[in-house]
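Chemist: Protein chains in written order, with our numbering: chain A, 1 to 405; chain B, 406 to 810.
By construction, the Cβ of each residue, glycine as well, lies at the ideal position given by its N, Cα and C atoms.
There are 2 protein chains.
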Amino acid sequence: MSLIVQKYGGTSVGNTERINSVAKRILETQRAGHQVVAVVSAMAGVTNRLIEMANEVSPDNEPTDREMDVLLATGEQTTIALTSMAINAMGGKAISLTGAQAGIVTDGDHTKARISNITPDEVHRLLDENHIVILAGFQGRSPDGRITTLGRGGSDLTAIAMAAAIDADLCQILTDVDGVYTCDPRVVPKARKIDEISYDEMLEMASSGSKVMQSRSVEFAKKFGVKFEVRSSLNENPGTIVTEEHPNMESVVVRGVSIEREQAKVTIENVSDEPGVAAKIFHAISDSGVVIDMIVQNVSKTNQTDISFTLHRSDLKKAKQTIDPILKDLGNESSIETTDGIGKLSVVGIGMRSHSGVAAQMFAALANNGINIQMISTSEIKTAVIIKEEDLEQSANIVHSAFNL
Amino acid sequence: MSLIVQKYGGTSVGNTERINSVAKRILETQRAGHQVVAVVSAMAGVTNRLIEMANEVSPDNEPTDREMDVLLATGEQTTIALTSMAINAMGGKAISLTGAQAGIVTDGDHTKARISNITPDEVHRLLDENHIVILAGFQGRSPDGRITTLGRGGSDLTAIAMAAAIDADLCQILTDVDGVYTCDPRVVPKARKIDEISYDEMLEMASSGSKVMQSRSVEFAKKFGVKFEVRSSLNENPGTIVTEEHPNMESVVVRGVSIEREQAKVTIENVSDEPGVAAKIFHAISDSGVVIDMIVQNVSKTNQTDISFTLHRSDLKKAKQTIDPILKDLGNESSIETTDGIGKLSVVGIGMRSHSGVAAQMFAALANNGINIQMISTSEIKTAVIIKEEDLEQSANIVHSAFNL
Numbered sequence: 001m002s003l004i005v006q007k008y009g010g011t012s013v014g015n016t017e018r019i020n021s022v023a024k025r026i027l028e029t030q031r032a033g034h035q036v037v038a039v040v041s042a043m044a045g046v047t048n049r050l051i052e053m054a055n056e057v058s059p060d061n062e063p064t065d066r067e068m069d070v071l072l073a074t075g076e077q078t079t080i081a082l083t084s085m086a087i088n089a090m091g092g093k094a095i096s097l098t099g100a101q102a103g104i105v106t107d108g109d110h111t112k113a114r115i116s117n118i119t120p121d122e123v124h125r126l127l128d129e130n131h132i133v134i135l136a137g138f139q140g141r142s143p144d145g146r147i148t149t150l151g152r153g154g155s156d157l158t159a160i161a162m163a164a165a166i167d168a169d170l171c172q173i174l175t176d177v178d179g180v181y182t183c184d185p186r187v188v189p190k191a192r193k194i195d196e197i198s199y200d201e202m203l204e205m206a207s208s209g210s211k212v213m214q215s216r217s218v219e220f221a222k223k224f225g226v227k228f229e230v231r232s233s234l235n236e237n238p239g240t241i242v243t244e245e246h247p248n249m250e251s252v253v254v255r256g257v258s259i260e261r262e263q264a265k266v267t268i269e270n271v272s273d274e275p276g277v278a279a280k281i282f283h284a285i286s287d288s289g290v291v292i293d294m295i296v297q298n299v300s301k302t303n304q305t306d307i308s309f310t311l312h313r314s315d316l317k318k319a320k321q322t323i324d325p326i327l328k329d330l331g332n333e334s335s336i337e338t339t340d341g342i343g344k345l346s347v348v349g350i351g352m353r354s355h356s357g358v359a360a361q362m363f364a365a366l367a368n369n370g371i372n373i374q375m376i377s378t379s380e381i382k383t384a385v386i387i388k389e390e391d392l393e394q395s396a397n398i399v400h401s402a403f404n405l
Numbered sequence: 406m407s408l409i410v411q412k413y414g415g416t417s418v419g420n421t422e423r424i425n426s427v428a429k430r431i432l433e434t435q436r437a438g439h440q441v442v443a444v445v446s447a448m449a450g451v452t453n454r455l456i457e458m459a460n461e462v463s464p465d466n467e468p469t470d471r472e473m474d475v476l477l478a479t480g481e482q483t484t485i486a487l488t489s490m491a492i493n494a495m496g497g498k499a500i501s502l503t504g505a506q507a508g509i510v511t512d513g514d515h516t517k518a519r520i521s522n523i524t525p526d527e528v529h530r531l532l533d534e535n536h537i538v539i540l541a542g543f544q545g546r547s548p549d550g551r552i553t554t555l556g557r558g559g560s561d562l563t564a565i566a567m568a569a570a571i572d573a574d575l576c577q578i579l580t581d582v583d584g585v586y587t588c589d590p591r592v593v594p595k596a597r598k599i600d601e602i603s604y605d606e607m608l609e610m611a612s613s614g615s616k617v618m619q620s621r622s623v624e625f626a627k628k629f630g631v632k633f634e635v636r637s638s639l640n641e642n643p644g645t646i647v648t649e650e651h652p653n654m655e656s657v658v659v660r661g662v663s664i665e666r667e668q669a670k671v672t673i674e675n676v677s678d679e680p681g682v683a684a685k686i687f688h689a690i691s692d693s694g695v696v697i698d699m700i701v702q703n704v705s706k707t708n709q710t711d712i713s714f715t716l717h718r719s720d721l722k723k724a725k726q727t728i729d730p731i732l733k734d735l736g737n738e739s740s741i742e743t744t745d746g747i748g749k750l751s752v753v754g755i756g757m758r759s760h761s762g763v764a765a766q767m768f769a770a771l772a773n774n775g776i777n778i779q780m781i782s783t784s785e786i787k788t789a790v791i792i793k794e795e796d797l798e799q800s801a802n803i804v805h806s807a808f809n810l
């Protein structure tokens with residue numbers, strides 16, 4: 001008998017019919033001889049309707065964060081009750097727990113709280129009594145008893161954190177895809193499912209646009225060594241195991257290719273090549289709330305240099321408005337140039353550490369097909385390039401083939 | 406400065422626009438110099454939709470009671486968050502509390518829990534910080550931390566119990582009527598609002614069909630001496646004060662007239678006039694879940710008697726099915742007769758205690774208009790008669806005039 005944590009997302013529990021399917025699957029897992037904790041999200045669409053109502057009663061301001069959490073937490077609470085009822089109606093023994101009831105304590109940072117500790121006594125007690133535990137994802141309570149929510153990707157985080165707290169044998173993230181692919185199959189028809197991937201590769205894939213899961217949950221899993229599986233809630237196919245890296249993994253040089261669309265680029269030219277200038281720029285950007293991705297600064301041979309960074313296209317205007325007023329502080333001849341219509345292509349793999357030439361091979365494959373590279377950025381296990389957005393899909397196929405994925 | 410508990414029902418908070426009106430009213434109450442705890446119900450229609458979903462995932466059985474409470478409690482939780490947000494958006498300082506957070510502890514009898522005690526420390530703390538407290542009606546927690554709900558009329562009960570626990574100066578039940586009337590104005594156009602009524606009169610009115618509030622909340626208010634006011638959430642008219650009786654109240658002989666439609670009558674004839682027979686009948690009825698109202702048994706001069714009772718028409722078939730199998734145990738010649746198409750007319754008033762002749766005056770008024778009385782039942786402060794349902798409205802007007810209401 002093993003102890004399994006399963007997580008079902010909002011689409012999987014999107015209506016009562018789907019909740020019945022999920023209930024059946026959870027019950028079958030228990031009847032196969034396992035103890036089961038199932039984490040469920042709010043039914044698809046519910047959270048948006050709640051936010052809509054919040055905006056209606058708070059038309060001119062942001063709705064109070066604290067109350068937003070009280071409101072949003074009802075979404076998962078509805079799902080846990082319905083899922084438990086469905087299991088009970090099928091002859092199973094299920095009991096629902098809210099985040100607070102399950103002992104999930106967070107900090108008090110409403111709408112984006114961080115889990116500080118979990119006291120899973122009640123979960124253990126219910127499992128020992130042969131109950132299936134249906135746990136509300138995305139939520140917890142602050143030390144003084146307020147309802148908190150964990151922000152985007154919160155239900156994945158609940159599943160992984162609870163798996164760590166109860167020392168589960170397996171954590172399954174059940175979703176609407178079969179697992180993690182070598183590339184988005186809608187872009188690269190030859191893409192295939194990856195059987196096993198390391199946390200670091202998964203993180204680089206996530207930060208490069210393969211949004212199967214938020215980075216935050218993967219980081220948590222890595223920190224606490226929680227092995228988990230991403231698999232489909234719609235079929236019985238094995239999914240992708242995400243785990244600590246082991247030597248065998250290095251035999252594959254490139255694990256996957258990911259693309260990110262709708263990127264934009266800001267280049268600030270002729271800034272003084274002196275300490276503090278970059279800090280000035282990125283403090284201002286950070287204060288404005290714009291999220292940036294790649295930063296590239298090349299060595300300069302004069303006392304001036306150029307600094308470029310990429311960001312989502314929707315933030316481009318705000319970034320320019322942020323830089324414009326401080327441009328004169330950056331250098332006498334500083335100017336700003338913005339470009340959109342670009343995208344990012346990344347190859348990821350821990351094998352890169354021990355295999356040289358990955359970047360060269362990637363660049364050559366692109367060059368042979370006439371694709372121009374505008375920017376390059378690398379990490380230990382990732383090589384990313386910025387290219388024209390219109391070239392993105394073709395390039396993904398080229399690179400996918402070049403590495404025989 | 407006084408401490409006021411207000412309660413707003415599901416219709417008053419039926420959509421975000423109405424929540425905004427309620428928020429405005431609550432805020433105005435605070436700005437008039439009071440401390441305010443506002444108890445709110447689930448938005449009208451929400452509870453029914455939740456029950457519908459529960460039945461969809463539990464088609465062949467009753468949904469689990471425990472999970473039903475987890476589900477239903479989301480209704481009020483949604484309203485408290487939205488109401489608090491609305492007040493905050495108007496510049497007020499509101500904080501929401503679920504039943505559990507407000508220290509409302511109940512027994513573990515899911516879907517119809519009884520309040521066992523209230524620890525209002527958090528409510529006091531928030532009031533002391535000048536917050537408006539928005540409290541979820543209808544819900545609490547069991548001693549071991551499960552979510553419970555209080556059943557029908559639960560939000561009224563929350564308001565009255567919290568008013569008792571924090572020793573509020575006033576408890577206002579805000580609803581869609583202006584108060585308690587001498588009779589239903591749709592039936593008796595001359596009916597007028599009652600300014601003040603005793604708990605006992607209110608209880609008799611409630612049990613006689615004037616369903617402004619469930620008896621249970623009035624009983625609780627009586628037990629703990631909570632004076633409360635029933636008034637409209639749609640205007641500023643003063644409502645009806647419900648309070649302990651005082652000598653002045655006796656000057657009014659009859660406080661009000663109430664009617665109950667769709668009644669039916671079961672008569673069991675020729676039952677043995679010996680100990681235990683009535684018990685046999687009413688144990689069986691009680692076990693079947695049928696709720697009965699009046700019971701009449703006349704003195705017998707032989708060793709046989711007749712027992713009659715009234716009940717709602719919809720329970721008539723079930724009652725007959727319950728009695729039929731035990732008929733032979735009740736007496737050798739026992740038979741059962743059922744009648745529907747009847748209604749109940751009651752006059753209520755604590756003045757009856759000191760004024761004789763109320764029943765006679767009522768019977769005379771009806772007789773003068775050719776209304777036949779089928780059954781009579783009296784309590785210390787009520788006289789009720791069963792008549793044909795088709796005579797009910799005319800009779801209400803006759804009696805209302807006879808007592809100069």
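1. Between the Cα of residue 582 of chain B and the Cα atoms of B:643, B:551, B:632, which residue gives the shortest distance?
2. Along chain A, in chain order, which residues have C-beta atoms closer than 7 Å to that of residue 490 of chain B?
3. Is residue 80 of chain A close to chain B? Criterion is C-beta to C-beta, closer than 8 Å.
4. Are the Cβ atoms of residue 162 of chain A and residue 120 of chain A separated by less than 8 Å?
5. By a C-beta neighbour count over all protein chains shown, 10 Å radius and 16 as the cutoff for buried, is residue 406 of chain B buried or exposed?
6. How would you call residue 707 of chain B, buried or exposed, if buried means at least 16 neighbouring beta carbons within 10 angstroms?
7. So is residue 796 of chain B buried or exposed if we call it buried at 16+ other beta carbons inside 10 Å?
8. Straight-line CA distance for residue 572 of chain B to residue 223 of chain A?
9. Can you name the residues of chain C whose CB is closer than 7 Å to the CB of residue 476 of chain B?
10. Between which two residues does the alpha helix (DSSP H) holding residue 693 of chain B run?
11. What's the call for residue 201 of chain A, buried or exposed, on a 16-neighbour Cβ count within 10 Å?
12. Do you know offhand how far residue 185 of chain A's Cα is from residue 557 of chain B's?
13. Which residues does DSSP list as the beta-bridge partners of residue 375 of chain A?
14. Going by DSSP, what residue range makes up the alpha helix (DSSP H) through residue 427 of chain B?
15. Excluding sequence positions up to five away, which residues of its chain have a Cβ less than 6 Å from the Cβ of residue 674 of chain B?
16. Comparing C-alpha positions only, which one of A:88, A:64, A:73 sits nearest to residue 467 of chain B?
17. Around the Cβ of residue 454 of chain B, are there at least 16 other Cβ atoms within 10 angstroms (buried) or fewer (exposed)?
18. For the stretch 376 to 398 of chain A, enumerate the residues whose C-beta is nearer than 7 Å to any C-beta of chain B, in chain order.
19. Nearest by alpha-carbon distance to residue 245 of chain A: which of A:29, A:263, A:203, A:236 is it?
20. Compute the distance between the beta-carbons of residue 472 of chain B and residue 23 of chain A, then report whether it is under 8 Å.
21. Going by other Cβ atoms of all chains shown within 10 Å of its Cβ, with 16 needed for buried, is residue 321 of chain A buried or exposed?
22. Please identify the residue among B:793, B:450, B:516 whose C-alpha is closest to the C-alpha of residue 778 of chain B.
23. With a cut-off of 8 Å, does the C-beta of residue 132 of chain A fall near any C-beta of chain B?
24. Between residue 516 of chain B and residue 561 of chain B, is the Cβ-Cβ spacing less than 8 Å?
25. For my contact list, residue 564 of chain B and residue 410 of chain B are in at a C-beta cut-off of 8 Å; report their separation, rounded to the angstrom.
26. Given a cut-off of 8 Å, decide if residue 713 of chain B and residue 670 of chain B are closer than it, judged by their beta-carbon atoms.
27. In the stretch 192 to 219 of chain A, which residue ranges form an unbroken beta strand (DSSP E) of at least 3 residues, counting only runs that do not cross its ends?
28. Tell whether a beta-carbon distance below 8 Å holds between residue 226 of chain A and residue 399 of chain A.
29. Straight-line CA distance for residue 64 of chain A to residue 536 of chain B?
30. For residue 529 of chain B, does the three-state DSSP call read helix, strand or coil?
31. Whole beta strand (DSSP E) runs in the stretch 74 to 123 of chain A with 3 or more residues, listed along the chain?
32. My output table needs one value for residue 328 of chain A: the three-state DSSP class, helix, strand or coil.
33. Among B:660, B:668, B:780, B:772, which has the Cα closest to the Cα of residue 597 of chain B?
34. Quick check on this structure: which residue in B:520, B:577, B:512, B:584 has the alpha carbon closest to the alpha carbon of residue 549 of chain B?
35. With DSSP as the reference, label residue 299 of chain A as helix, strand or coil.
36. Count the other C-beta atoms from every protein chain shown that fall within 10 angstroms of the C-beta of residue 356 of chain A, then say buried if there are 16 or more, exposed otherwise.
Modeler: Working from what's here:
1. B:643
2. 54, 57, 58, 63, 64, 67
3. By this cut-off, residue 80 of chain A is an interface position.
4. Taking the C-beta atoms as reference points, residue 120 of chain A is found nearer than 8 Å to residue 162 of chain A.
5. exposed
6. exposed
7. Around the CB of residue 796 of chain B, 16 or more other CB atoms lie within 10 Å, so the residue is classed as buried.
8. Straight-line Cα distance between these residues: approximately 51 Å.
9. This model lacks chain C altogether; the protein chains it does include are A and B.
10. Here residue 693 of chain B belongs to no alpha helix (DSSP H), and DSSP marks it neither H nor E.
11. buried
12. A direct Cα-to-Cα measurement between residue 185 of chain A and residue 557 of chain B gives close to 54 Å.
13. A:386
14. 421 to 436
15. 711, 740
16. If we check each option's Cα against that of residue 467 of chain B, A:88 comes out closest.
17. exposed
18. none
19. A:203
20. no
21. Counting of Cβ neighbours within 10 angstroms places residue 321 of chain A among the exposed residues, the total staying below 16.
22. B:793
23. no
24. no
25. 5 Å
26. yes
27. 196 to 198
28. No. Outside cutoff.
29. Rounded to the nearest angstrom, the two C-alpha atoms are 14 Å apart.
30. In this structure, residue 529 of chain B counts as helix in the three-state DSSP scheme.
31. 94 to 97, 104 to 106, 115 to 118
32. helix
33. Taking the Cα of residue 597 of chain B as reference, the smallest distance to any Cα among B:660, B:668, B:780, B:772 is reached at B:660.
34. B:512
35. coil
36. exposed
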